[in-house]
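**Q**
There are 2 protein chains.
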Amino acid sequence: MLQNESAEPSRPAKDVTQHVGYLLKRTQAALRGAMGKVLREHGLTVPQYATLELLALHPGMSNADLARATFVTRQSGNVVLRGLQEAGLITRPATADHGRARPARLTEEGDARLAAVQAAVYAIEQRMVDAIPARRLAVLLADLDRMAAALEE
Amino acid sequence: MLQNESAEPSRPAKDVTQHVGYLLKRTQAALRGAMGKVLREHGLTVPQYATLELLALHPGMSNADLARATFVTRQSGNVVLRGLQEAGLITRPATADHGRARPARLTEEGDARLAAVQAAVYAIEQRMVDAIPARRLAVLLADLDRMAAALEE
DNA sequence: AACTCAATGTCAGGACTTTGACATATCCGA
DNA sequence: TCGGATATGTCAAAGTCCTGACATTGAGTT
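Protein chains in written order, with this note's numbering: chain A, 3 to 155; chain B, 3 to 155.
#1: Taking glutamate 127 of chain B as the query, report the chain A residues whose CB atoms sit under 9 Å from its CB, ordered along the chain.
#2: Determine the closest residue to alanine 98 of chain A out of A:Leu91, A:Ala106 and A:Ala133, with distance taken between C-alpha atoms.
#3: May I ask you to list, following chain order, the residues of the segment 74-99 of chain B that have a beta carbon less than 7 Å from some beta carbon of chain A?
#4: Among residues of its own chain, excluding the 5 on either side of arginine 115 of chain A, which ones have a beta-carbon nearer than 6 Å to its beta-carbon?
#5: Rank B:Ala133, B:Gly45, B:Ala144 and B:Thr53 by C-alpha distance to the C-alpha of glutamate 155 of chain A and give the top, closest one.
#6: Beta-carbon within less than 6 Å of glycine 38 of chain B's beta-carbon, same chain only, minus the 5 sequence neighbours each way: which residues are those?
#7: Counting only Cβ pairs nearer than 7 Å, list the residues of chain B close to threonine 29 of chain A.
#8: State the Cα-Cα distance for the pair leucine 139 of chain B and arginine 102 of chain A, rounded to the nearest angstrom.
#9: Who pairs with arginine 107 of chain B in a beta bridge, going by DSSP?
#10: Which residue marks the beginning of the alpha helix (DSSP H) containing proline 49 of chain A, and which one marks its end?
#11: Exposed or buried, which one is glycine 79 of chain B when buried takes at least 16 other CB atoms within 10 Å?
#12: Do we get a CB-CB distance below 8 Å when we pair arginine 138 of chain B with the residues of chain A?
#13: As a quick exercise: from B:Ala89, B:Thr29, B:Ile126 and B:Asp145, pick the residue whose alpha carbon is nearest that of glutamate 110 of chain B.
#14: Taking the beta carbon of arginine 28 of chain B as the centre, do at least 16 other beta carbons fall within 10 Å, making it buried, or is it exposed?
#15: Determine the DSSP secondary structure at glutamate 88 of chain A, reduced to helix, strand or coil.
#16: Quick one: what's got a C-beta closer than 6 Å to glutamate 55 of chain B's C-beta in the same chain, skipping five residues either side?
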């Protein structure tokens with residue numbers, strides 16, 4: 003049931019499943035699903051992995067920083083951080099030295115866990131990227147960036 | 003805080019925020035946020051809107067069909083359908099005539115509600131699409147489709 | 001006809017995320 | 001100096017979604 007019915011393949015894309023938004027959702031869902039499956043075997047959720055990756059790149063990010071960067075609310079970010087902290091993968095000073103922000107950092111174990119999953123996660127992304135001509139990747143990235151920026155005001 | 007630090011803008015994209023997956027997530031989050039904001043004013047959630055749009059295109063889709071098409075589980079799809087039914091926007095036969103699948107259809111009110119929000123939603127998508135050169139749109143859609151297909155086996 | 005198998009709808013429980021609100025801390029302009 | 005604006009962390013409640021499980025239905029096979 004529900005085959006494509008592609009009779010008029012052309013211009014204005016009357017079929018919702020051919021809209022940019024739908025393709026975006028579909029691709030993102032596929033990626034998140036594949037990542038979640040792999041990460042679960044390592045005891046990590048997708049937001050937790052994203053947080054580890056960001057902290058490796060920018061040590062000392064605060065909860066609010068991380069929440070913005072992972073596109074969730076501060077409250078959700080706090081839950082993620084709490085989980086990582088209980089798992090011993092990150093540390094946060096009990097008291098903030100400047101504002102209220104408490105900078106988070108990877109522990110050695112956190113660094114090791116990240117390293118352990120990166121290969122698998124990158125393989126997934128590579129499988130996705132390999133599906134398109136290599137010379138189009140840079141343009142694709144730029145276009146995604148432009149589209150996102152257009153909606154973020 | 004956290005400015006770009008773009009010293010080496012080129013090849014392998016060592017910065018996670020320049021990975022395809024991250025851009026995909028960011029763009030999708032921006033779109034979902036913008037859509038959610040508009041749809042809430044009309045008393046609809048994003049999955050509810052997606053369901054209405056699909057039912058307008060393919061009347062008679064079952065809950066399982068819709069769940070697959072909106073990338074959620076059957077259980078979540080059921081909740082969405084229940085909400086739409088209580089709002090009087092769709093109808094489902096109390097008993098299935100063939101298997102267990104109960105085909106859903108838009109009511110006149112559901113059709114009207116969909117028509118009422120489409121302009122606003124399409125405007126958002128248009129704002130996003132206008133951010134990139136028009137001649138690249140078809141390629142972008144094709145690439146997204148390829149990437150999604152590659153991860154869906 | 002009997003069996004196996006896949007698909008569908010649904011229930012229960014839990015995990016994750018959001019909305020709303022509040023207190024605290026810094027910065028900046030009047 | 002002082003007050004408003006901004007930013008952060010956190011709590012509470014609700015909503016949303018998922019995992020796991022089960023019963024029902026139809027198709028295909030033997």
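Even glycine gets a Cβ: it sits at the ideal position worked out from N, Cα and C.
**A** Concretely, from the data shown:
#1: His21, Val22 and Gly23
#2: A:Ala106
#3: none
#4: Leu91
#5: B:Ala133
#6: Val48
#7: Leu26, Leu146, Met149 and Ala150
#8: 45 Å
#9: B:Thr93
#10: 48-59
#11: buried
#12: yes
#13: B:Ala89
#14: buried
#15: helix
#16: none
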